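Trainee: Shown below is the structure under consideration.
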Amino acid sequence: MAEPLRVGLAGLGTVGSAVAGMLVRERAAIAERAGRAIEVVAYASKDPPKDNTLDLTKLRKIDSPVALARDGAIDVFVELMGGEGEPAKGSVEAALGMGRPVVTANKALLARHGVALARLAESKNAELCFEAAVAGGIPIVKTLREGLGGSRIARVYGILNGTCNYILTRMYKERLSFADCLKEAQRLGYAEADPTFDIGGFDTAHKLAILTSLAFGTEVDADAVHVEGIESISLVDLEAADELGYRVKLLGVAQRTEAGIEQRVHPTMVPKGNVIAEIDGVINAVAIDSDTMELTLMGPGAGGAATSSAVVADLMDLAAGRRVASFGRPAVGLVKAPRAPMQRHEGGYYIRLAAVDRPGTAASLESIMQRGRDRRPHGGDDPRSANKPAPVALITYATTEDAVRRALAAIETDGVLAEKPQVIRIEKS
Ligand SMILES: NC(=O)c1ccc[n+]([C@@H]2O[C@H](COP(=O)([O-])OP(=O)(O)OC[C@H]3O[C@@H](n4cnc5c(N)ncnc54)[C@H](OP(=O)(O)O)[C@@H]3O)[C@@H](O)[C@H]2O)c1
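Read in this note's numbering, the sequence shown has 257 at position 260, and its numbers run on one by one without any break.
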């Protein structure tokens, strides 16, 4: 059997510790499948590893991740420190710059610098592998990059952040407020002390930007993603969605449209019965619509065990000499995506209006309903008296973002709303 593939591992946190453990535990099976063993020979870590059963005594500790990336005694550099800046960026560049393959789970780094890094890798004839960076254990990168190589993809969408899905699921199932669910998620370790990155939709946006590039052959462009989080979702919306036949999910959606490529992250109503609508808790799911098939993958999007499985799968490709371009095509050929403006987004909308209790309000609300094309007010016609308005939830048929925003601006100008209207886009199955 060939010599083992020697790994330099930077970061021994949740994922790094799990990778080191898996490589020891599964050594024989991995060697049999990949044709050679894979072993960590050196590591960089600030703190003792999270998994204190790891035996590091035979491994070299190198203080600087950049020095580890350049170390002459490793064949591959594995970056599991996280963050789009240093030391992740510099160490990955150092390894690729000398033609050394890199495996990383770092979506933040890839969302910002993925194209430059892939081009650097290509110019040095090295590989940049990142299966674990999107949806943790779900092999979505391989699926888009290799499995669907001959298909023309129209849309990729899914639940890419377990924290948000956990919160929305608990709110709906236990009739809890957003604030209470967030506290619970933090207590259980599903949400960070500063949860902004997750609940604000930014983590989903990073992953979506990577998926967009894989699906459409475009440059990764995180700034082109329209991002809204789940902070404004209330139990009232989840209950209304339920009555109307939907579930609310934070989706990342990348879609080819006539206006260009749409990339958007926002709370979304998904029709019940759609696989994505039924995904509960911290589970992730990604659906792909292509000219050849519709496909949905679901599974754990985070956690040491699942994520390490994806990192090790990348290492096994390298050990076996399987080479694939990082984004499934030559990185020099990745093109800037024609960006579809959000105002031109077309779809159905859920709109909830809370009206002030004064004469004339009902007439004004009636006017907004009439402004939308193909209106279908929830609950049918409601002959509310003019002086007793109530919250109104309505669903539009397909219309444009621009039309909805203009109608809402008009009704807000009328001064009959007690609070900002709630708008949730509907995703067709
Ligand atoms: N956790 C998941 O489920 C998951 C899933 C998919 C992808 N990922 C990605 O995987 C990567 C790692 O995530 P994680 O959850 O394992 O994070 P983590 O538990 O915070 O581990 C990161 C580790 O890197 C260490 N580190 C930071 N700077 C370092 C430096 N200069 N030198 C050496 N070590 C350094 C940290 O040490 P200190 O703690 O002392 O700073 C920590 O032990 C991230 O890019 C993340 O986005 C994670």
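Using N, Cα and C, we set each Cβ at its ideal position, and we do this for glycine too.
Quick caveat, the model's predicted, so the values are computed rather than measured.
Does DSSP classify N281 as helix, strand or coil?
Mentor: strand
Trainee: Taking the alpha-carbon of G318 as reference, which of R67, V245, V73, P45 has the nearest alpha-carbon?
Mentor: V73
Trainee: Within 10 angstroms of the Cβ of G80, are there 16 or more other Cβ atoms? Answer buried if so, exposed if not.
Mentor: exposed
Trainee: I'd like to confirm something about N103: is its beta-carbon nearer than 8 angstroms to some heavy atom of ligand 1, or not?
Mentor: yes
Trainee: Between which two residues does the alpha helix (DSSP H) containing V16 stretch?
Mentor: 11 to 22
Trainee: Closest to A15 by C-alpha separation, out of V309, E409, T393, V353, would be which residue?
Mentor: The residue with the shortest Cα to Cα distance from A15 is V309.
Trainee: Grouping DSSP H, G and I as helix and E and B as strand, with all else coil, what is K246?
Mentor: It is a strand residue.
Trainee: Would you say V389 touches ligand 1, meaning its beta carbon is less than 8 angstroms from a heavy atom?
Mentor: no
Trainee: DSSP puts H223 in a beta bridge; with which residues?
Mentor: R261
Trainee: CA-CA distance, A337 and E23?
Mentor: Across the structure, A337 and E23 are spaced so that their CA atoms are roughly 46 angstroms apart.
Trainee: Does the beta-carbon distance from A282 to G296 come in below 9 angstroms?
Mentor: Yes, these two residues count as a Cβ contact at 9 angstroms.
Trainee: Indicate, with yes or no, if ligand 1 has a heavy atom lying under 8 angstroms from the CB of K47.
Mentor: yes
Trainee: What's the call for A26, buried or exposed, on a 16-neighbour Cβ count within 10 Å?
Mentor: exposed
Trainee: Closest by CA to A238, which one among K58, M95, V420, A129?
Mentor: Closest by alpha carbon: V420.
Trainee: Would you say the beta carbon of P62 comes nearer than 8 angstroms to a heavy atom of ligand 1?
Mentor: Under cutoff, so the answer is yes.
Trainee: Within the continuous alpha helix (DSSP H) that includes Q340, where are the two ends?
Mentor: Boundaries cannot be given for Q340, as no alpha helix (DSSP H) includes it and DSSP labels it neither H nor E.
Trainee: In chain order, what residues of the same chain lie with their CB nearer than 6 angstroms to the CB of G32, ignoring the 5 residues before and after it?
Mentor: A317
Trainee: So, using beta-carbon positions, are R422 and H203 closer together than 9 angstroms?
Mentor: no
Trainee: Using 10 angstroms around the beta-carbon of M266, count the other beta-carbons present and answer buried if the total reaches 16, otherwise exposed.
Mentor: That one is buried.
Trainee: Check whether the region 225 to 239 and the region 135 to 154 are in contact - that is, three or more C-beta pairs closer than 8 angstroms.
Mentor: The region 225 to 239 is not in contact with the region 135 to 154.
Trainee: Hey, G159 and G278: beta-carbon distance below 9 angstroms or not?
Mentor: Going by C-beta atoms, G159 is nearer than 9 angstroms to G278.
Trainee: Return helix, strand or coil for V131, following the three-state DSSP convention.
Mentor: coil
Trainee: If you run the structure through DSSP and keep just helix, strand and coil, what is V332?
Mentor: strand
Trainee: Rounded to whole angstroms, what's the CA-CA distance from L9 to A221? Just pull it up for me.
Mentor: Using only the alpha carbons, I get a separation of about 33 angstroms.
Trainee: Cβ of K43 within 8 angstroms of any heavy atom in ligand 1?
Mentor: yes
Trainee: Taking the Cβ atom as the reference point for each residue, do A102 and E143 lie within a distance shorter than 9 angstroms?
Mentor: no
Trainee: With DSSP as the reference, identify every bridge partner of F74, one or two as the case may be.
Mentor: Looking at the DSSP assignment, F74 forms a beta bridge with G5, V99.
Trainee: Compute the Euclidean distance between the alpha carbons of A334 and F213, then round it to the nearest angstrom.
Mentor: 8 angstroms
Trainee: How about A31: is its C-beta nearer than 9 angstroms to some C-beta of chain B?
Mentor: Within the model displayed, chain B is absent; a lone protein chain is all it includes.
Trainee: Report the three-state DSSP secondary structure of G345 (helix, strand or coil).
Mentor: strand
Trainee: State the CB to CB distance for the pair A118 and E124, rounded to an integer number of angstroms; the pair is presumed to be in contact (CB under 8 angstroms).
Mentor: 6 angstroms
Trainee: Please determine if the region 56 to 74 and the region 85 to 97 are in contact, where contact requires at least 3 C-beta pairs separated by less than 8 angstroms.
Mentor: yes
Trainee: So what does DSSP say about K170, is it helix, strand or coil?
Mentor: helix
Trainee: Ligand 1 heavy atoms versus the CB of A108: any closer than 8 angstroms?
Mentor: Outside the cutoff, so no.
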